[in-house]
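Protein chains in written order, with our numbering: chain W, 2 to 115; chain H, 52 to 165. Glycine is no exception: its CB is placed at the ideal position from the N, C-alpha and C atoms. Structure, as structure tokens:
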């Protein structure tokens, strides 16, 4: 399976600021996704990061709040914009090497907003 | 919305006993995956079972899938203290053609008492 590096691993941010999370994979992958895990909850899909085009967002998530880039087949970023305490969560990227293959996750970014 | 439901939500057993967790889902799927998460860290992929498979083994893990009942179970045999974690099932909807993100269940928190 691919090695997935996610940065930062954790951060504490001030209300109203933005943070960009990076996800780097050591090999080219077919699909990349971003998920959110609110405290004590399960994971919810934010969006599919599409290489070279706009991300596909799930219901309840919008580009202005969670802009995503995927410039190539090994790298993606998720920005959490204009943060509020409700955005305090773990954000995880995941990858699929090929269709029908398992989805593998990075270690996540634990984000706390004061 | 979450389509998977796990039960029980929490399970506490003695070391050496077997642990069984169940998962139900609502729509037709391509595959179902089980993950482990230790203390809010990243997810570790355990097993992927395809919709045309009924049972799969990996070491002390056994997964079954019943597509007619839209349910799956994860059995951990001879449990160890290190198995203490949260376990999630996640489905890949058939409608996505294998290119969609996953829908996660709420998870089962497993505690192995030494």
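What residue range is occupied by the uninterrupted beta strand (DSSP E) comprising residue i?
i, result
"residue 50 (chain W)", "44–50"
"residue 120 (chain H)", "Looking at the DSSP string, residue 120 (chain H) is not in any beta strand (DSSP E), and its letter there is neither H nor E."
"residue 73 (chain H)", "70–75"
"residue 87 (chain H)", "80–88"
"residue 104 (chain W)", "104–106"
"residue 115 (chain W)", "Segment: none, residue 115 (chain W) is in no beta strand (DSSP E) and carries neither H nor E."
"residue 56 (chain H)", "56–58"
"residue 26 (chain W)", "20–26"
"residue 81 (chain W)", "76–81"
"residue 101 (chain H)", "94–101"
"residue 162 (chain H)", "159–164"
"residue 37 (chain W)", "32–38"
"residue 56 (chain W)", "Taken as a continuous stretch (DSSP letters only), residue 56 (chain W) belongs to no beta strand (DSSP E), as it is neither H nor E."
"residue 106 (chain H)", "106–109"
Hey, residue i and residue j are a contact pair by Cβ (cut 8 Å); roughly how many whole angstroms apart?
i, j, result
"residue 24 (chain W)", "residue 5 (chain W)", "7 Å"
"residue 70 (chain H)", "residue 109 (chain H)", "The pair is not a contact, with the Cβ atoms about 15 Å apart (cut-off 8 Å)."
"residue 164 (chain H)", "residue 63 (chain H)", "6 Å"
"residue 155 (chain H)", "residue 43 (chain W)", "5 Å"
"residue 45 (chain W)", "residue 36 (chain W)", "6 Å"
"residue 104 (chain W)", "residue 75 (chain W)", "In fact, because the Cβ distance is near 16 Å, the residues do not count as touching under 8 Å."
What residues of chain W sit near residue i, judged by a beta carbon separation below 9 Å?
i, result
"residue 108 (chain H)", "Those do not exist, as residue 108 (chain H) stays about 16 Å from chain W at its closest Cβ, beyond 9 Å."
"residue 157 (chain H)", "42 and 43"
"residue 150 (chain H)", "31, 32, 49, 97 and 100"
If you compare alpha carbons, which of the options is closest to residue i?
i, options, result
"residue 93 (chain W)", "W:64, W:60 and W:69", "W:69"
"residue 100 (chain H)", "H:132, H:84, H:94 and H:112", "H:84"
"residue 133 (chain H)", "H:161, H:75 and H:57", "H:161"
"residue 97 (chain H)", "H:103, H:145 and H:107", "H:107"
"residue 81 (chain W)", "W:63, W:34, W:54 and W:3", "W:63"
"residue 95 (chain H)", "H:112, H:157, H:143 and H:138", "H:138"
"residue 21 (chain W)", "W:96, W:32 and W:79", "W:79"
"residue 82 (chain H)", "H:141, H:90 and H:75", "H:141"
"residue 88 (chain W)", "W:60, W:110 and W:76", "W:110"
"residue 106 (chain W)", "H:78, H:61, H:60 and H:87", "H:87"
"residue 54 (chain W)", "W:113, W:33, W:16 and W:41", "W:33"
"residue 144 (chain H)", "H:126, H:159, H:124 and H:118", "H:118"
In chain H, which residues lie less than 7 Å from residue i when you measure between Cβ atoms?
i, result
"residue 134 (chain W)", "What is shown of chain W runs 2 to 115, which leaves residue 134 (chain W) out entirely."
"residue 115 (chain W)", "Going along chain H, no residue has its Cβ under 7 Å from residue 115 (chain W), so there is no contact; the nearest lies around 19 Å."
Residues of chain H with a CB under 8 Å from the CB of residue i: which are they?
i, result
"residue 39 (chain W)", "Ordered by position in chain H, no residue passes the 8 Å Cβ test against residue 39 (chain W), which lies about 11 Å from the chain."
"residue 93 (chain W)", "93 and 94"
Which chain W residues sit within Cβ distance under 8 Å of residue i?
i, result
"residue 84 (chain H)", "103 and 104"
"residue 125 (chain H)", "In chain order: nothing, as chain W lies at least about 15 Å away."
"residue 62 (chain H)", "What residue 62 (chain H) touches in chain W: nothing, since even the nearest Cβ is about 16 Å away."
For residue i, which residues in chain H fall below 9 Å Cβ to Cβ?
i, result
"residue 46 (chain W)", "151, 152, 153, 154 and 155"
Compute every distance between the C-beta of residue i and the non-hydrogen atoms of the ligand MN, then say whether any falls below 7 Å.
i, result
"residue 92 (chain H)", "By its list of ligands, the structure shown contains no ligand whatsoever, and the ligand MN lies outside what it can speak to."
Which residues in chain W have a C-beta closer than 7 Å to the C-beta of residue i? List them in chain order.
i, result
"residue 99 (chain H)", "103"
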